[in-house]
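Take full-length UniProt numbering: the last position of the sequence shown gets the number 414, and nothing is skipped along the way.
Before any comments, here is the structure.
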Amino acid sequence: MADWSQLPRDLIERISKTLDTATELLRFRSVCNSWRSSACSRERRLSSGFQILPNGITKSSFGFCLSKRAVYLIGSPDSQHLSQWLVKLEEVIPDRKRLVNPLSRNPLKSESLPENFPRMLDLNGISVKELGQAYVLRHVSYRPNSTSFTDAGDLYMEKVVMMWLDSEPSEFVLLTIHLSGKLVLFRSGDRTWTIIGEGMGMDSPYDDVIVHKGKLIGVDNTGKVVSVSKDADLTLVANPVFGGDKKYLIQSSRDQLLLVDMYLSIDTEEENFDIGEEFMGHLAQYMRERTVRFKVYRLDAGEKAWVELGSLGDTVLFIGDDSSFAASSSDLYGCKGNCIFFVDTYNARELGGLGKEDDGMWVEGICVFELESGSMGPLVNYPEYHKIFWPPPRWLLSPPSEVELAKQAEGLSL
Numbered sequence: 001m002a003d004w005s006q007l008p009r010d011l012i013e014r015i016s017k018t019l020d021t022a023t024e025l026l027r028f029r030s031v032c033n034s035w036r037s038s039a040c041s042r043e044r045r046l047s048s049g050f051q052i053l054p055n056g057i058t059k060s061s062f063g064f065c066l067s068k069r070a071v072y073l074i075g076s077p078d079s080q081h082l083s084q085w086l087v088k089l090e091e092v093i094p095d096r097k098r099l100v101n102p103l104s105r106n107p108l109k110s111e112s113l114p115e116n117f118p119r120m121l122d123l124n125g126i127s128v129k130e131l132g133q134a135y136v137l138r139h140v141s142y143r144p145n146s147t148s149f150t151d152a153g154d155l156y157m158e159k160v161v162m163m164w165l166d167s168e169p170s171e172f173v174l175l176t177i178h179l180s181g182k183l184v185l186f187r188s189g190d191r192t193w194t195i196i197g198e199g200m201g202m203d204s205p206y207d208d209v210i211v212h213k214g215k216l217i218g219v220d221n222t223g224k225v226v227s228v229s230k231d232a233d234l235t236l237v238a239n240p241v242f243g244g245d246k247k248y249l250i251q252s253s254r255d256q257l258l259l260v261d262m263y264l265s266i267d268t269e270e271e272n273f274d275i276g277e278e279f280m281g282h283l284a285q286y287m288r289e290r291t292v293r294f295k296v297y298r299l300d301a302g303e304k305a306w307v308e309l310g311s312l313g314d315t316v317l318f319i320g321d322d323s324s325f326a327a328s329s330s331d332l333y334g335c336k337g338n339c340i341f342f343v344d345t346y347n348a349r350e351l352g353g354l355g356k357e358d359d360g361m362w363v364e365g366i367c368v369f370e371l372e373s374g375s376m377g378p379l380v381n382y383p384e385y386h387k388i389f390w391p392p393p394r395w396l397l398s399p400p401s402e403v404e405l406a407k408q409a410e411g412l413s414l
């Protein structure tokens, strides 16, 4: 049998460079000392709670704290346990992570977890596939003992992307969306954010941003896509595709850039009401946006155009608040592909699909859209998909202690 630890160093290094994620490289380097020394870690880590001083848009003492999240699909190495769990982990302090809902920004409350949920996960002992990454900006105050955030800035911040620059190991750029709908850029070392196109009039507001093939990309409400340089220059990537109400950018599992066009309908909570002064003054309280359908396009880079897809094939798309990502149905047990997971609390409520009590609010509002039939429904109506989100699989839980077993036996004897 060949001794894999004796492979030439240059070959090990070349193989390691084909790995896409930090998780894959970590596991590759864990094989043996020879592989670890030959395959250097390429990941440039951002310190937990990285501070950006101050935001510069409001000229106040408020700034931002940046943290990273990663979405993982974890599965049992035992072929007898064909179950998986989709999770998002955020590093809040060095080497300590917390669980976050994979399609929202909401952390999972510890009391929602089973009592025997492990407090430490050994990722080397289970199957792990990284599906996506997200970055989160939070307002912080550099004014002593300040608790007010009314002056905390004008960034949209639901979606922020980060890209390391090749020029210096510690240099990076951030791209997000201003409340005005314009793109906003931050370069490491800067003292202010740069609002791109400020003073040039109002174009269509931007809906989403992404990093694709080493470029910062933004899409506006018409589907027009631009790339953004570190100097805040814009280059057209794709012309508009009109139709839907909100645009999302996703990199497919085959590295294609996809545009997901969400169509919305505005409904009222009450069918019978008088449109009077009081109603108009509280219009937002009565109106609710409801998702009705999706269209998906792939980018034709040569033509700078979007090509509509009749089918996603075996691809599954996940649309989240702070990140969107794709997976192959071959990686998801029981998932047939050609569908989109998204969050729509209003739709889920109308269709009777809000989370159950034991879901820990983990699946509340998650819906499934099937591209082939155009049908949609709440996640709870799809048990084969529901178990990917909740509950945590049994094989992941710690075995019960002797004390717990004694309590269970005592309960049975009663």
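We put the CB at the ideal spot given by N, CA and C, even for glycine.
Starting from Y385, follow the alpha helix (DSSP H) in both directions and report where the run begins and ends. 383–389
Quick one: does the C-beta of V226 sit closer than 7 Å to a heavy atom of the ligand GTP? The ligand GTP is absent from the structure shown, which contains no ligands of any kind.
Alpha carbon to alpha carbon, how far is V380 from V128? 25 Å
Tell me the DSSP secondary structure of L249 in three-state form. strand
To which residues of the same chain is L82 closer than 7 Å at the C-beta, ignoring the five residues directly before and after it? Y333
Check whether the region 230–250 and the region 203–210 touch, using three or more Cβ-Cβ pairs below 8 Å as the test. yes
For a minimum of 3 consecutive residues, which ranges assigned as the beta strand (DSSP E) are wholly contained in the region 185–220? 206–212, 215–220
Considering only the alpha carbon of each residue, which of G320, V225, L11, R254 lies closest to E303? V225
How would you write the range of the beta strand (DSSP E) that E370 sits in, first residue to last? 366–370
Beta strand (DSSP E) segment containing S227, residue limits: 225–228
Exposed or buried, L137, counting other C-beta atoms within 10 Å across all chains shown (16 or more means buried)? buried
Name the two residues that bound the continuous beta strand (DSSP E) containing M163. 161–164
What span of residues does the beta strand (DSSP E) with E308 cover, start to end? 305–308
Of the residues A232, K97, V92, L113, which one's Cα is nearest the Cα of P391? L113
Nearest to residue 416 by alpha carbon, out of L86, C65, S67? Missing from the structure shown is residue 416; the chain here goes from 1 to 414 and no further.
8 Å contact criterion, which D314 and S330 should meet: CB distance rounded: 6 Å
Please name the residue, chosen from M262, Y297, S323, F325, that lies closest to M376 on a Cα-to-Cα basis. M262
Considering only the beta carbon of each residue, do I250 and V260 sit closer than 8 Å? yes
Count the other CB atoms, across all protein chains shown, that sit within 10 Å of the CB of E90; report buried if there are 16 or more and exposed otherwise. buried
Would you kindly check if the distance between the Cβ of R69 and the Cβ of V100 is under 8 Å? yes
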